[in-house]
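Note sheet for the following structure.
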Amino acid sequence: MVKRLNCWEVMNCGREPGGEMAALRGVCPAATDPSFDGVNGGRAAGRFCWQVAGTMCHGRVQGTMAEKIADCVVCPFLDRVAREETGGFVLTLEDLESRSPEA
87 MVKRLNCWEV
97 MNCGREPGGE
107 MAALRGVCPA
117 ATDPSFDGVN
127 GGRAAGRFCW
137 QVAGTMCHGR
147 VQGTMAEKIA
157 DCVVCPFLDR
167 VAREETGGFV
177 LTLEDLESRS
187 PEA
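The working numbering numbers the first residue of the sequence shown as 87 and each following residue consecutively.
Okay, structure coming up:
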């Protein structure tokens, strides 16, 4: 069984709470957003970071999903999550909503 790592554990950005870069660059919203806790088996939005504004890629803070999609689609972490989750992979908010009990 593959251990499901969160983005900050794979990308080593240091922006998780208590991380080495958190004081300088701020804590990443993907590491603290409780609304996506458990999505793709992650903690907070750690395995759904491409849907969260304010994450860091290529050394700069990213904007909304629409603004950062070009970086996300070629991100090795997104690819890793997709491979690990196979049939249960949640890529979009629409995917998430379609899996909710209220859908």
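The C-beta atom is built at its ideal place from N, Cα and C for all residues, glycine as well.
Consult DSSP for residue i and reduce its assignment to one of helix, strand or coil.
i, result
"V147", "strand"
"M97", "helix"
"S186", "coil"
Can you list, in chain order, the residues of its chain whose CB lies under 8 Å from that of residue i, leaving out five sequence neighbours each side?
i, result
"F163", "C93, V96, M97 and C135"
Any heavy atom of the ligand MN closer than 6 Å to the beta-carbon of residue i?
i, result
"C93", "The ligand MN is absent from the structure shown, which contains no ligand whatsoever."
Residues in the same chain with beta-carbon distance under 6 Å from residue i, minus the five sequence neighbours each way, listed in chain order, please.
i, result
"A131", "A116, D119, F122 and V138"
"E171", "N126"
Quick one: using the 10 Å Cβ neighbour count with 16 as the cut-off for buried, is residue i buried or exposed?
i, result
"G128", "buried"
"K89", "exposed"
Once the 5 residues before and after residue i are set aside, which same chain residues still bring their CB inside 7 Å of it?
i, result
"M107", "C99, G100 and R101"
Going by the beta-carbon positions, is the gap between residue i and residue j smaller than 7 Å?
i, j, result
"R146", "V167", "no"
Per DSSP, which residues does residue i bridge with? Please list them.
i, result
"M142", "V147"
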